[in-house]
Every structure is written in structure tokens, then in C-alpha cells.
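Structure record follows, encoded as C-alpha cells.
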Amino acid sequence: MYVCKKYSQFLLSQQGKRISAVYLICLLVGISVLHSMENNGRGTKAIGMANAFVAVSDNLWAINYNPAGLIQITGIQCSAFIIPNQFGLPELRTTALAAAVPLSFTTIACKVEKFGFDLYKETEVGISCASKLDHNISGGLTLNLHRFDIARYGSTQNLILNGGILASVLKGMEVGFNFNNMMGATIGRLNEKIPQLFALGTCWSPLHDFLVSLEMEKDVRSPASIKWGMEQIVFGVLAFRAGVANNPEKYSAGIAVKYSFFEFGYAGYSHVDLGWTHQIEVSFNIDN
Amino acid sequence: MHRSFFYSVIFSVPVALSAQKLQSVDTLKVSEDVSWEKLFETGTEDEENSSTIDEAEQIEDNPLNLNTATLEELHRIPVLTNMIASRIIARRKLALFTSVDELITVEGVTPEILSFIRPYVRIRKMREKSYMAGVLLSRVSSEIEKRKGFMNDAYPGSPLKILNKIRLAVGDKEVPLASTISTIEVGALTEKDPGERSIANFSGGFGCISLPVFSTQIIIGNYQVEAAEGLIFWRASAMSKGSNVIAPTCKNGSGIHPYLSTDENSFLQGIAASLEFSSVHFQMFYSNKPVNATIDSLGQISSTDQSGLFRTENELHKQKSTRETLIGCRAIAYLCEGLKLGGTVYRTHFKNPLILKNGNGEITPQLWMQGMDISYTNRNIDLFTELAADRSHEIAMIGGMNYEPMTSLSVSFVVRKYPPEFQSIHGNAFGESGRDVQNENGVYVGVKVQPIDWVCVSTYYDQFNHPQPTQFIPAASHGNDFLALAECQITNTFQLAFRYKRKESPSTLDDYDLYGRMMKQIIPRVQKYYRLTSELASSSYMQLSNRIEWTNIKYDGMKKSEHGILLSQTMKCTLLPSLALRARVAIFETDSYDSRMYEYEDDLPRASSNPALYGRGLRWYLILQYNIFLKVDIGLKYSQTIKDDVTSLGSGLDEIKGHTQSLLAMQVDVRF
Chain A
136 MYVCKKYSQF LLSQQGKRIS AVYLICLLVG ISVLHSMENN GRGTKAIGMA
186 NAFVAVSDNL WAINYNPAGL IQITGIQCSA FIIPNQFGLP ELRTTALAAA
236 VPLSFTTIAC KVEKFGFDLY KETEVGISCA SKLDHNISGG LTLNLHRFDI
286 ARYGSTQNLI LNGGILASVL KGMEVGFNFN NMMGATIGRL NEKIPQLFAL
336 GTCWSPLHDF LVSLEMEKDV RSPASIKWGM EQIVFGVLAF RAGVANNPEK
386 YSAGIAVKYS FFEFGYAGYS HVDLGWTHQI EVSFNIDN
Chain B
1375 MHRSFFYSVI FSVPVALSAQ KLQSVDTLKV SEDVSWEKLF ETGTEDEENS
1425 STIDEAEQIE DNPLNLNTAT LEELHRIPVL TNMIASRIIA RRKLALFTSV
1475 DELITVEGVT PEILSFIRPY VRIRKMREKS YMAGVLLSRV SSEIEKRKGF
1525 MNDAYPGSPL KILNKIRLAV GDKEVPLAST ISTIEVGALT EKDPGERSIA
1575 NFSGGFGCIS LPVFSTQIII GNYQVEAAEG LIFWRASAMS KGSNVIAPTC
1625 KNGSGIHPYL STDENSFLQG IAASLEFSSV HFQMFYSNKP VNATIDSLGQ
1675 ISSTDQSGLF RTENELHKQK STRETLIGCR AIAYLCEGLK LGGTVYRTHF
1725 KNPLILKNGN GEITPQLWMQ GMDISYTNRN IDLFTELAAD RSHEIAMIGG
1775 MNYEPMTSLS VSFVVRKYPP EFQSIHGNAF GESGRDVQNE NGVYVGVKVQ
1825 PIDWVCVSTY YDQFNHPQPT QFIPAASHGN DFLALAECQI TNTFQLAFRY
1875 KRKESPSTLD DYDLYGRMMK QIIPRVQKYY RLTSELASSS YMQLSNRIEW
1925 TNIKYDGMKK SEHGILLSQT MKCTLLPSLA LRARVAIFET DSYDSRMYEY
1975 EDDLPRASSN PALYGRGLRW YLILQYNIFL KVDIGLKYSQ TIKDDVTSLG
2025 SGLDEIKGHT QSLLAMQVDV RF
């Protein structure tokens, strides 16, 4: 009841009306006209919010979505993430480990990811750094070494550079931008291009325990995708997340529980054709 | 190599920023860029030859004195309407300006307008002794990928584009309350396009003397004439319909000006003079200039060349293939405060007979034109009209009104009628066709309203028809154009803008009749554009902007509709007190060239670009500007367009193998 009252007070305020109108227009225009591509994502918070995370990026999985967001991390963070069997297929297993350390002038992070099984494997090692560009804007870069192994065909590896910007445009409102594979890295003898993803999004936190985000993502080769996600924190220790995206159409949900330095997270999403995928995460966070 | 360069720059940004305490410098010109985009958003692929930008840069080199500039001089600053210029003059009659910032107290001058006009005006102390000033500019650019014409030696010259320009002014000391002082100004320019052999393939220059006696100005060399609303004379590039719905409608030409731009066609060459006798001003001009044109086997001029590219044998045949001799004059009488009556007449003769456009096959070496114009301007209203008659007594007309009943409301209304047979070879009037001042009738209504402090809504509706076939439509046709722009200033530093544009115009479709003959079928086409832009001016040294734009084109049942989408992120920042960086990455996808999209780009000083984005791909650029010392600046721009699923870009001799087009440009500016 208290929360509802606070929402209504905010929405009736001058700033609330402006922001609500803008969000509504974005949502109506965007969802009605656009299509999208598949992107599984990393981290249960991001996946629970249907990967509408470019402007949120407030945990160490920002390394994948928008490295500029790493600047929001206030203490040492480590996380282990697993997708046991994507779409019910144990061969499509993903495991990932990541860590982030905030320093005085920058935040650095690293990760290791592994996807696949004996016949087809992808391994990625990445390092990120993020820095404040001014009091409202931060920027970040991620450099990934991506390796593909295909049984009996051999292996190949590439360096992939991703860059992002995160700007605080209003109190509680952020705008994020991320560009994956900035240098257009290719793979194999045929120089097949690794996807170049351009993501632009905004997130709005009208109350300290509620967050909503909206994002548009476009790959050079695929139609654009609209994503929407939200998070509600209850009693400071329990987080509920939900999201929806198009192209392909999918919806997602997640839950996380915080206990001492640890956070246990679960997220699941349903693909319109391929069904449910579940993922779990354990993270460790020492706040400064 | 260019990749490693990009990596090093990207990595250097956070390091440089964290290492330095930054200061604000003038190099960002954030609001100014936004206004230029509003004026040129309907541009073409390459606006580098824009004489409007050159004109503005000329004013920037020698800023107007706010306390002495005339209404016409103030109106040369692109966003200033006659009404605002009139208010500035009224304000200084009460008390002279002591600072440019005081302009904000003038009704109608918004922070955005102030930011835009700041480089063009000064409150200058009177010069107590003679002075000398000058500008030297040198720009070299080259595409990294070689075009087919260079591979098979069809283009004899190098792929470099080279521009050198110099202006020098020497002036006498100033006298109190005199707007004109004795000055001598000279300028010269050489330009070479890619593939052209000589570094001075196009060259030009001028000498200009200004004397206080009758405010005399004499120009020898290249010059251009702007008269009234552009039916008879106007420069090559002009502002047209766009997000700025009021300023472009009234041109109010300001007479003769030295010309130092790279457009190789739209200027006069000879001698021009202007004299002011109290309330009557005279301008006289004589020009004898080579013209680049295609001469057919009968020795007639079938078309004039607008490209300015002279590389191959065919192109070289067009260069300076005929001559035009023109003589004309203009007189303006200021009848009372704000009321102006003008008359213009010229006669021109081509060495070869000219095949007239829409002239029923008429061929003539001679043309003449005469016209009159009348305008009235005060603080709130600006009335203007121009009538012009050509050799066959066809009469063209444009008339309109800009009205500002209150600060928060501006209305513009323009009617135009350009008959199909009307021939104005030096005109460029408001309308659909720009430089072709013929075969168009139309009515334009523009409204700008600020209902509340933080919201500004601009909208226009333009209805037009072409009574005769045009170059692209083989029958009489009609259409309309609507734009609505809502700009919301959410906070002092954050702005959101939503723009909707709808244009209904005819299009052609290739079809076959019962006998298998190809025929063009005319079908209605409706283009819609939706654009959302956010801008964050986080601090004086950092600005971010994002854009999402979507377009949809529908044809009337016969042809599949088309879509396009564009997303972009732009960053402008000052890395060091003397080093500025601007960068953008944009990703786009359109079904064809018809659904192409434009996003006005930053460029090196005195250049601009507005490339058409179509197909599937991405475009990025990076500009670095460094102030080496005092008045010496160096600029570097690297841009790249990468398309997907194509094996080549361009066609014919301009074809590039592969899917990437990269351009590297470097410029040095010296002011002294």
C-alpha cells in the first residue's frame, strides 16, 4: 500500500509525468514495429530482465552488456554462473566465472566463459576497465579473447573489443550505450563476421527498490529488438525480476536472495519456439 | 594501421580524462551543431561545397559588430529572422550592447540561438589604428580504398582531394558611429578533386575594397549576388524546409559578397560594386565567366555540369566549354523604417545557344530577367514579396509573412508560384525544387509554439503541385509535406526531442503495356519518419546524444512498402584544454536507396557532410581538433562506412571493391 502510494505520488509529480510519457511512447512505437535476434546473456539479473541491461549494468556482468556500468560496483565482486542445459539440451551448457575490483580511478573486471560440449566448444576470456569521464558519464572497454574449437576441424581465436557509455541523465535515470565487436572482428577462412551488436537503452528507478528498463538492440545483419525489464526489491534481501523481448519473442522471470556477502540468483526465460531455459548464479560481494 | 590508431585513441580517452582536470573550451559548439543540423537535415550526399557554411565562416572570420551591424548583415547569420534582427537594432537604440550575453534580453533570442550566433558577433572596441588579419586553410583528404577509375588509370590524377584557401584583410582605424571603414580584402582558393590532375583544377579569388564614401564596396574577381527572396539571384545552397520552421522562409538577400567557396558553378566572375546614398542603395555587376557544360553536336548547351569533377576525357570536354557574359544591377530604397522596395534586372548572353529547361524546345543564347520586391519588417511582423519576369514575360511570385504575436508563438505563411516556362538560371528560391525556380506552386504554413517553459513544438505543412512534368515524374503531379517536432527540455542538461515527418509525393514504377513496351506508371508514395533524440550536455566539456529513427515508405498498392531504421550514439568532449574529440557510431538498415536516412555529421571546420545511409551496415567517424598554439589549429577526421552483404560500393569508375569505404582528412587552420 505504501509502495503504491509512493508510485502514485511520483507519477503525479511534474518529473514523473514527463518521464512516464516518454517511456510510454518508446514502448508503443518500439514494440509495434520492430523485430530482433537471439542473445542468451549472462547473469541472472540481466536474464531475468530479458537482457534489457545496457543502461542498468550495475553488477559485474556489465562486462558483457556495458562495461561502463562496472563503475557502479562499490566492492569486490565474484560470481559463478551456469546454464545447465539451454532449451533442455545438456550439450548447450554454459559456465562462467567473473570478478571485479573497484580501484580509486577505475574499475577492472575479468571473466572466463565456456559454452558447448566435446564436439563444439567456445571459450572466452575477457578483461574490462571502466572509468568516470565526468561526474555524470562513465565509459568502459572490454577486450575478449574468443576461441572456437570444432572437433576434427581445428580451432581459431579472435580478439573482440566492446565499448560502452553510461550516462546519468536525471536523478534515478540512466541512458546506456554499448557496441560489441567495435573493430568488426571476423572468424575463419571466409572471414565470417562476428556479430556487431549496437544496444541503446534507458533505465529508470523512481524508487530505490524498483527499477524498470527499456532497450533497443540491433545487429548489422538482423532486425532490431526491443526489450523491457523490471526489478522489485522486497525487504532489502529479495529481488523479483521480469522481462519481455521480441525477435525472437521471449519472456523471462527471476528471483534473487541476498544473505550476508552472498547472493543466490535464479532466472528462466521462455523462447517462443524452443521452450524454457534455466540458469543459476552464486555471487560474492564485499561492499566498501 | 587504422585499426591500431583507433585502438590507441579509444584507450587513451579514459586515461587522459582521469589524468587531467579539464577545462571548457569553445571548440565543442554543441548547440551550434544542433542548429546546423536543423537547417541542413534535408541535405544531399555531400554538402562539402556548401556556400552557406562558407558564408557563415566568412562572418566568423570577421564577426559583425553588434552595435553597428545593419539588419541585412544580421540576417546573414542563418538562424536570425528579420524580426529578431529588428529587435536587436531596436534594443541597441536604447542602450548599446556591452556584452554578447546581453542578447538574451532581446525578445526571441533563446539560449540555443545565442549559442549559435555567438561566434558571428562581437562587441568590439573601436580600432584606434589600422589592422591586418587573415586566415589560411589547407585541407587534404583521401579515401583509403581505391576506386576502379584509379585502378585502371581512367583517372589521371591522384586520389587526394586538396583544398587551399587564404583570406587577408587590411583595415583602417575606425571612426565613431560609422559602420564602414576603409578596408582591402583579398582571397584566393585552389581545389583539386580526387582523380583530377592539377592541384589548381579549380582556382579563384577576389579583391574587395570598402570605402566609407557612400559605403562603397568594389569586388573584382569571384563574387555572388543575393537579392530579395532568391527568384532572380541567390547562392547555390540555401536553407529549406526542416525542423527550423520559421527562419528559412524569408531570405532577405543582402547584396553582393566576395566568393571563396568550392562550388565550381554558382558564382559570378568580373566586377561588382555597391554604393549607398542615404536611403537608396545601388548594386551593379558585370560578369564574364567560363561555364562547365555539355555542348551537343549542333553546338548547343544541352546541360550545365554541377558535379565539378573533371577527370576523364568526357568530363574534361565539359570544363569551361562555353562562356556567360552577364550585366545587371539592383536598387533598394528604404522608404521608411522597416519598409524596403527593391528592383533587380540583368541580361545574360551565352557563347553557345542554351536549350531551355521546360522551354518547349526553345533555344536561345540570351536571357534576361527583371523583378521587384518589397518587404516590411518590425519587431513582430515580417512581410515580404518578390515578383520576377523572364524574357518570355512569364511571371514568378513568392510572398509571405512571418508573424510573432508573442514570444512563445511564431507563425510563417508563404505562397509561391513559379510557372513551368519561367527561366531563372541564377535563382534559388524557397520550395521543393530549390535551384529549379520553375514549374511549382505551393503554400507553406509553419508554426512554432512554446506552450510551457520546457516544451517547444514546431510544425509545418506544405502543399505543392507541379503543373508540368518534372525531371522524374512524366506528368503533372502534386504532393504535401508535414513535420512536427516536439523538443522537451527535461532538465538544464538533458533534452528529448521527438520528430514526425510525413511526405506524400508521386513516384514512378516501370511497367509494360500490352505490346511489351516499357512505360512509367505514376503511383502515390507516402514517406513517414519517426525520430527520437536525446541529448545530455553533462558538463561544458562533455556531451552525449543518441538517436533512434525509423522510416516507412508506402506505395499505393503497386509496390512493396519499405522500411528503414537508424540508431546512433554521438560523443563530443574536450580531452585537454586544447584538444577536442567528436565521435559517432551509427548502425542502419534500409530496404533500398529510396528509404535512405540522413544524419548530419560533424566535420572539420568549414566543411560539413550529410551522407545518405542505405542498405545494411554501420558508419562511424572520429574527429580530433588540436590547437597547437595561439591561432594555429590542426584537425583530423577518419570516417568509415561498412556495409553488409555487398561485394562492391558505387558503380562505374567510382566502384570500390569490397564493403568498406574509409576517408581520412586532415586540415590546418592558421589565423593571423
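If you read the protein sequences in the order shown, they are chains A and B.
The numbering of the first sequence is my numbering, which starts it at 136 and goes up by one.
The numbering of the second sequence is my numbering, which starts it at 1375 and goes up by one.
We treat Cβ as the ideally placed atom computed from N, Cα and C, and that holds for glycine.
Would a C-beta distance cut-off of 7 Å place His1840/B and Glu1861/B closer than the cut-off?
-> Here the question's residue 1840/B lines up with position 466 in the second sequence. Here the question's residue 1861/B lines up with position 487 in the second sequence. Result no, Cβ atoms of His1840/B and Glu1861/B do not sit closer than 7 Å.
Check the Cβ-Cβ distances between Arg1809/B and every residue of chain A, and say whether any is below 7 Å.
-> Position 435 of the second sequence holds residue 1809/B. The beta carbon of Arg1809/B sits no closer than 7 Å to any beta carbon of chain A.
So does the stretch 1716-1729 of chain B actually touch the stretch 1669-1686 of chain B, counting three or more Cβ pairs closer than 8 Å?
-> yes
Return no unless some Cβ of chain A is closer than 7 Å to the Cβ of Ile1847/B.
-> Your numbering for residue 1847/B matches position 473 in the second sequence. It does not; no Cβ of chain A falls within 7 Å.
Span separating the alpha-carbon of Tyr387/A from that of Leu278/A | Within the first sequence, residue 387/A is the residue found at index 252, counting from 1. Within the first sequence, residue 278/A is the residue found at index 143, counting from 1. Looking at the sequence provided, one finds Ser at residue 387/A rather than Tyr. Taking the straight line from one Cα to the other gives about 29 Å.
Mind checking which residues open and close the alpha helix (DSSP H) that includes Ser1489/B?
-> Reading the second sequence from its first residue, position 115 is the one you call residue 1489/B. Here the alpha helix (DSSP H) through Ser1489/B covers Pro1485 to Ile1491.
For the candidate residues Asn313/A, Glu309/A, Asn420/A and Met184/A, whose alpha-carbon lies nearest to that of Gly299/A?
-> One-based indexing of the first sequence puts residue 299/A at position 164. Cα-wise, what sits closest to Gly299/A is Asn313/A.
Check the Cβ-Cβ distances between Arg324/A and every residue of chain B, and say whether any is below 7 Å.
-> Here residue 324/A refers to the residue found at position 189 of the first sequence. No - not a single Cβ of chain B is within 7 Å of the one on Arg324/A.
Quick one: which unbroken alpha helix (DSSP H) runs of 4-plus residues sit fully inside the stretch 1451-1479 of chain B? Chain order, please.
-> Counting whole runs of 4 or more residues, the stretch 1451-1479 of chain B contains the alpha helix (DSSP H) stretches 1456-1468.
Using the DSSP secondary-structure output, state which residues sit across from Glu248/A in a beta bridge.
-> Looking up residue 248/A in the first sequence gives position 113. Checking the DSSP bridge columns, you'll see Glu248/A partnered with Ala231/A and Glu259/A.
Counting Cβ pairs closer than 8 Å, one from the stretch 1781-1801 of chain B and one from the stretch 1817-1827 of chain B, do we hit at least three?
-> yes
At least one CB of chain B closer than 7 Å to the CB of Asn293/A: is that the case?
-> Taking the first residue of the first sequence as 1, we reach residue 293/A at position 158. No, because no Cβ of chain B sits closer than 7 Å to the Cβ of Asn293/A.
What in chain A is Cβ-close to Thr1865/B, meaning under 7 Å?
-> Counting from one through the second sequence, the residue named residue 1865/B turns up at place 491. Those are Leu305, listed as they occur along chain A.
Relative to the alpha-carbon of Asp1884/B, which residue among Ser1912/B, Tyr1903/B and Ile1847/B has its alpha-carbon at the smallest distance?
-> Sequence index remark: in the second sequence, residue 1884/B carries index 510 (1-based). Among Ser1912/B, Tyr1903/B and Ile1847/B, the Cα nearest to that of Asp1884/B belongs to Ile1847/B.
Name, in chain order, the residues that DSSP records as bridge partners for Ala1621/B.
-> Along the second sequence, one-based indexing puts residue 1621/B at 247. Answer is none; Ala1621/B lacks a bridge partner.
Inter-residue Cα distance where the pair is Leu1396/B and Thr1948/B | In the second sequence, residue 1396/B corresponds to position 22, counting from 1. In the second sequence, residue 1948/B corresponds to position 574, counting from 1. The predicted model places Leu1396/B with a pLDDT of 32, which falls under 50 and marks its position as unreliable; any figure quoted below should be read in that light. C-alpha separation (whole angstroms): 7 Å.
Other residues of its chain near Gly307/A: CB distance less than 7 Å, five sequence neighbours each side excluded | Translated into the one-based positions of the first sequence, residue 307/A becomes position 172. These residues qualify, in order along the chain: Trp339, Ser340 and Pro341.
Going by the beta-carbon positions, is the gap between Ile1896/B and Ala1849/B smaller than 7 Å?
-> One-based indexing of the second sequence puts residue 1896/B at position 522. One-based indexing of the second sequence puts residue 1849/B at position 475. In this structure, Ala1849/B lies closer than 7 Å to Ile1896/B by Cβ.
Is any beta-carbon of chain B found at less than 7 Å from that of Val355/A?
-> Taking the first residue of the first sequence as position 1, residue 355/A is located at position 220. Yes, Val355/A counts as interfacial toward chain B.
Return no unless some Cβ of chain A is closer than 7 Å to the Cβ of Ser1913/B.
-> The count along the second sequence starts at 1 and reaches residue 1913/B at position 539. Closer than 7 Å to some Cβ of chain A, the Cβ of Ser1913/B qualifies, so yes.
State yes or no: is the beta carbon of Asn175/A nearer than 7 Å to at least one beta carbon in chain B?
-> Walking along the first sequence from the start, residue 175/A turns up at place 40. Output row for Asn175/A: interface = no.
Using 8 Å as the threshold, is the stretch 1640-1651 of chain B in touch with the stretch 1616-1627 of chain B, meaning 3 or more CB pairs across them?
-> no
Apart from the five residues just before and just after Gly2009/B, which ones in its own chain have a Cβ nearer than 6 Å to its Cβ?
-> Position 635 of the second sequence, counted from the first residue, corresponds to residue 2009/B. Cβ neighbours of Gly2009/B beyond the five flanking positions: Leu1978, Gln1999 and Gln2041.
Is the distance from the Cβ of Arg1541/B to the Cβ of Val1587/B below 7 Å?
-> On the second sequence, position 167 is the one that residue 1541/B refers to. On the second sequence, position 213 is the one that residue 1587/B refers to. Taking 7 Å as the Cβ cut-off, Arg1541/B and Val1587/B do not qualify as a contacting pair.
Rounded to a whole number of angstroms, what is the C-alpha to C-alpha distance between Gly1595/B and Ala1647/B?
-> Residue numbering aside, residue 1595/B sits at position 221 when the second sequence is read from its first letter. Residue numbering aside, residue 1647/B sits at position 273 when the second sequence is read from its first letter. Approximately 12 Å, taken between the alpha carbons.
Distance, Cα to Cα, Arg1921/B vs Tyr1972/B?
-> Numbered from its first residue, the second sequence carries residue 1921/B at position 547. Numbered from its first residue, the second sequence carries residue 1972/B at position 598. Those two C-alpha atoms are separated by around 12 Å.
6 Å Cβ shell around His413/A - same chain, five flanking residues per side excluded | Here residue 413/A refers to the residue found at position 278 of the first sequence. Counting only Cβ-Cβ distances below 6 Å, and skipping sequence neighbours, we find Gly403.
Own chain, CB closer than 6 Å to Arg1876/B, minus 5 neighbours either side, in chain order | By 1-based counting over the second sequence, the position of residue 1876/B is 502. Here the set comprises Phe1856 and Lys1902.
For Gln1525/B, does the three-state DSSP call read helix, strand or coil?
-> Within the second sequence, the letter at position 151 stands for residue 1525/B. One point to set straight first is that residue 1525/B is Met, not Gln, in the sequence displayed. It is helical.
Lys1566/B beta carbon less than 7 Å from that of Ile1536/B | Stepping through the second sequence from its first residue, residue 1536/B is reached at position 162. Stepping through the second sequence from its first residue, residue 1566/B is reached at position 192. Cβ distance < 7 Å, so Ile1536/B and Lys1566/B count as in contact.
Compute the distance between the beta-carbons of Phe1838/B and Glu1806/B, then report whether it is under 7 Å.
-> Here residue 1838/B corresponds to residue number 464 of the second sequence, with the count starting at 1. Here residue 1806/B corresponds to residue number 432 of the second sequence, with the count starting at 1. Going by C-beta atoms, Phe1838/B is nearer than 7 Å to Glu1806/B.
Distance between beta carbons of Ile1462/B and Val1480/B, contact taken as under 8 Å = On the second sequence, residue 1480/B is found 106 positions in, with the first residue counted as 1. On the second sequence, residue 1462/B is found 88 positions in, with the first residue counted as 1. Sure, about 5 Å apart at Cβ, within 8 Å.
Would you say Ile1518/B faces chain A, with C-beta separation under 7 Å as the test?
-> In the second sequence, counting from the first residue as 1, residue 1518/B sits at position 144. Not one chain A Cβ lies under 7 Å of Ile1518/B.
Distance CB(Val355/A)-CB(Asp2019/B) smaller than 7 Å | Stepping through the first sequence from its first residue, residue 355/A is reached at position 220. Stepping through the second sequence from its first residue, residue 2019/B is reached at position 645. The answer is no: Cβ separation not under 7 Å.
Span of the beta strand (DSSP E), counted from its first residue to its last, around Thr241/A = By 1-based counting over the first sequence, the position of residue 241/A is 106. No beta strand (DSSP E) contains Thr241/A, which DSSP labels as neither H nor E.
Enumerate in chain order the residues of its own chain whose CB-to-CB distance from Met1690/B is below 8 Å, with the five nearest sequence positions on each side excluded.
-> As a first step, residue 1690/B must be located in the second sequence, where it is residue number 316. Before going further, note that residue 1690/B is Leu rather than Met in the sequence given. So the list reads Phe1684, once near-sequence residues are dropped.
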